[in-house]
Structures are given as structure tokens and as C-alpha cells.
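S.K.: Input: one structure, supplied below.
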Amino acid sequence: MPGAVRKPGDNGKSGLSGCFECCIKCLGGVPYASLVATILCFSGVALFCGCGHVALAGTVAILEQHFSTNTSDHALLSEVIQLMQYVIYGIASFFFLYGIILLAEGFYTTSAVKELHGEFKTTACGRCISGMFVFLTYVLGVAWLGVFGFSAVPVFMFYNIWSTCEVIKSPPTNGTTGVEQICVDVRQYGIIPWNAFPGKICGSALENICNTNEFYMSYHLFIVACAGAGATVIALIHFLMILSSNWAYLKDASKMQAYQDIKAKEEQELQDIQSRSKEQLNSYT
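Numbers 1 to 285, taken from full-length UniProt numbering, label the letters of the sequence shown in order.
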């Protein structure tokens with residue numbers, strides 16, 4: 001109406017409504033499944049690498065101080081552990097980058113599916129990259145299953161030592177074996193050679209080892225590292241399901257795009273035929 005007065009709050013309400021719709025649209029394009037898998041993968045790899053690195057250093061200290069006083073006996077083990085620590089650095093760097101790439105791929109495929117009927121077009125290269133990520137994630141998942149099994153070995157070893165110390169602290173009343181005859185021989189695990197000295201610790205000396213900070217920290221850090229490896233396996237399985245689903249969506253999207261292109265081409269040809277027919281009729285009349 002002429003002379004109508006616009007209310008002062010109208011522009012603010014429309015602005016808030018537009019901002020709200022924009023936020024909803026942005027949140028709708030977030031690949032939450034990929035985001036959860038990325039956080040779980042980062043957490044698992046961080047726990048495995050950080051705790052595993054410190055636990056390996058503590059293990060070397062325990063062996064040098066109590067089970068193998070001669071440096072030449074555990075020189076090879078020290079080199080292997082040092083190499084494993086460098087491998088841990090590489091694993092942490094690689095999975096930090098790989099997790100970001102998979103998260104970005106999740107954003108790409110989510111946008112491709114949600115904007116199928118818009119101007120966004122999936123390409124054969126994009127589908128090929130998605131398939132490559134499916135294969136690579138499967139290989140990494142199988143490899144991390146082996147890492148998870150390998151990380152359980154030191155937990156088993158430390159648990160055996162800890163349980164032996166518990167027996168020493170509370171020996172059976174009807175047992176015939178003395179406390180000083182209860183021993184742990186780490187040479188049987190193959191981590192140090194059989195000629196290492198002393199290699200075997202018994203009685204109160206073994207109990208003192210279990211009460212040290214190195215043993216306590218290493219034991220619990222190996223447990224956390226094993227749990228981190230398990231979390232990484234779960235994250236990679238989660239990623240594998242997401243990537244397989246996204247690849248299937250992209251494959252269906254490409255077929256739908258091809259169908260729409262053919263349909264649009266046929267409609268255009270039909271319109272051209274109709275327009276030419278009308279022109280011919282008009283020329284006759």
C-alpha cells in the first residue's frame with residue numbers, strides 16, 4: 001500500500017532466517033560418518049604411536065638394568081627398538097595426512113550425491129580415486145590387524161611378569177615352592193639371546209622390578225598402545241564401509257547423469273524437429 005510503514009524488525013528477521021538456512025545447508029553437507037571415523041583414527045594412531053614409543057624406551061631400560069647387563073647381548077634388540085621408534089614417527093605422519101585426505105574425499109562424495117541434480121558433475125577420475133581409496137583402506141586395515149596382534153605380545157609378556165610378582169607377594173600357603181624359586185626368564189620370549197646374563201630374575205629381586213616406575217609405566221602404556229591399535233582397526237573398517245557406500249553412490253550418480261544427458265538430448269532433438277516442422281508449414285501457407 002502506498003504510505004505503508006515497514007516494521008523495523010523485518011530486515012533482521014529475514015537476515016536471521018537466511019543465515020539459519022545457510023547454516024542448515026552447510027551442516028547438511030558435512031560427512032559426519034567420515035568425521036567420526038577420522039577422529040577415531042587420529043585418536044587410535046596417537047595412542048599407539050605415543051604410548052608405544054615411550055613403552056619401548058622403558059622396556060629397553062628394564063632389560064639393560066635387570067635382565068641383560070652386557071651391552072653386546074641386547075645390542076641387536078636396541079637397534080630393532082630404535083628402528084621401530086622411527087617407524088612409529090612415519091606411521092603417525094602418514095595417517096595424519098591419510099585421515100585428512102579421506103575426510104576431504106568424504107566431503108567430495110557427499111557433495112556429489114547431494115548435488116546430483118544441480119550443476120555438480122561426477123567424473124570418471126573422481127570415481128577411480130574413490131575406488132583406489134577403497135582398495136588402499138582395505139590393505140591398511142589388514143596391515144593394522146597384524147599391528148594389533150603384534151602389540152598384544154608385549155602386553156602378554158608384561159602380564160606374565162606382573163602375575164608372577166603377584167604370586168610372590170601372596171604365595172600359596174600349601175605350596176612347596178619357595179618364594180626365591182619363583183622366577184621369570186625373559187630369554188624364553190626370544191627378545192635376548194640365551195647366553196645373556198643374568199636373563200632370569202627370581203624372588204624378591206623380581207618383586208622389586210615390578211615395583212619400579214619403568215615397569216609400571218611400560219606395562220600400562222603397552223595396554224593403551226594395544227587399545228589404540230584396536231581403535232585404529234575399527235576406524236579403518238568404518239572408513240572402508242563409508243568409502244564403499246560412497247563409491248556405490250557415485251556409480252549410481254554417474255548412471256543417472258548419463259540418463260539425464262540422453263533424455264535432455266532427445267528432448268532437444270524433438271524440439272528441433274517440431275520447430276522445423278512449423279517452419280515448413282508456415283512456408284507452405
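Built from N, CA and C at the ideal position, the CB exists for glycine as well.
Distance, Cα to Cα, Phe-107 vs His-238?
M.R.: When rounded, the distance between both Cα atoms is 16 Å.
S.K.: Could you compute how far the alpha carbon of Cys-128 sits from the alpha carbon of Gly-230?
M.R.: Using only the alpha carbons, I get a separation of about 29 Å.
S.K.: In terms of DSSP beta bridges, what is Cys-210 paired with?
M.R.: None; Cys-210 has no bridge partner.
S.K.: To the nearest angstrom, report how far apart residue 306 and Val-224 are at their CA atoms.
M.R.: Since the first residue of the chain shown is 1 and the last is 285, residue 306 is not available in this structure.
S.K.: Going by DSSP, which residues form a beta bridge with Ser-68?
M.R.: For Ser-68, which the question treats as bridged, DSSP gives the partners Pro-198.
S.K.: For Glu-269, which of helix, strand or coil comes out of DSSP?
M.R.: Helix at Glu-269.
S.K.: Is Glu-105 buried or exposed, if buried means 16 or more other CB atoms sit within 10 Å of its CB?
M.R.: Answer is buried; the Cβ neighbour count reaches 16.
S.K.: From Lys-200 to Val-179, what does the alpha carbon distance come to, in whole angstroms?
M.R.: If you take the alpha carbons of Lys-200 and Val-179, they lie about 14 Å apart.
S.K.: Helix, strand or coil for Ala-30, going by three-state DSSP, please let me know.
M.R.: The sequence given here has Val at residue 30, not Ala. In the structure shown, Val-30 sits in coil (DSSP, three-state: anything other than H, G, I, E or B).
S.K.: Can Ile-88 and Gly-141 be called in contact, C-beta distance under 8 Å?
M.R.: Not a contact, by the Cβ cut-off of 8 Å.
S.K.: Nearest to Ser-244 by alpha carbon, out of Tyr-216, Arg-187, Val-134?
M.R.: Measuring from the Cα of Ser-244, the nearest candidate turns out to be Val-134.
S.K.: Contact check, Ile-91 vs Ser-218 under 8 Å by CB: the rounded distance?
M.R.: That pair is no contact at about 20 Å.
S.K.: Which residue comes first and which comes last in the beta strand (DSSP E) that contains Val-184?
M.R.: Looking at the DSSP string, the run of the beta strand (DSSP E) that includes Val-184 is 183-185.
S.K.: Under the three-state reduction of DSSP, which class applies to Gln-188: helix, strand or coil?
M.R.: Residue state, collapsed to three classes: helix.
S.K.: Throw me the rounded Cβ distance for the Leu-206 and Ile-168 pair, which I believe falls under 8 Å.
M.R.: Contact holds; Cβ gap of about 6 Å.
S.K.: Less than 8 Å separating the beta-carbons of Asn-246 and Thr-109?
M.R.: Yes, Cβ-Cβ distance for Asn-246 and Thr-109 is below 8 Å.
S.K.: Go ahead and label Val-186 buried or exposed: buried means 16 or more other beta carbons lie within 10 angstroms of its beta carbon, across all protein chains shown.
M.R.: Val-186 comes out buried.
S.K.: For a quick check, are the C-beta atoms of Thr-232 and Val-54 less than 8 Å apart?
M.R.: Contact flag unset, no.
S.K.: Can you tell me whether Val-36 is buried or exposed, with buried defined as 16 or more other CB within 10 angstroms of its CB?
M.R.: Val-36 comes out exposed.
S.K.: CA-CA distance, Asp-39 and Phe-48?
M.R.: In the sequence under discussion, the amino acid at residue 39 is Ile, which differs from the Asp named in the question. C-alpha separation (whole angstroms): 14 Å.
S.K.: For Gly-178, does the three-state DSSP call read helix, strand or coil?
M.R.: In the structure shown, Gly-178 sits in coil (DSSP, three-state: anything other than H, G, I, E or B).
S.K.: Which residue's Cα is closest to the Cα of Phe-150: Lys-263, Glu-267, Gly-228?
M.R.: Cα-wise, what sits closest to Phe-150 is Gly-228.
S.K.: Helix or strand or just coil, what does DSSP make of Ile-218?
M.R.: Checking the sequence shown, residue 218 turns out to be Ser, not Ile. Looking at Ser-218 - three-state DSSP - the assignment turns out to be helix.
S.K.: Report, in whole angstroms, the separation of the C-beta atoms of Cys-210 and Ile-161, which I expect to be a contact under 8 Å.
M.R.: So it is a contact: roughly 7 Å between Cβ atoms.
S.K.: I'd like the list of long-range same chain contacts for Ala-196, defined as Cβ closer than 8 Å, with 5 residues on each side in sequence excluded.
M.R.: Taken in chain order, the residues that qualify are Phe-67, Ser-68, Asn-70, Asp-73, His-74, Arg-187.
S.K.: Could you have a look at Ser-78 and say whether DSSP puts it in helix, strand or coil?
M.R.: DSSP places Ser-78 in helix when its eight states are reduced to three.
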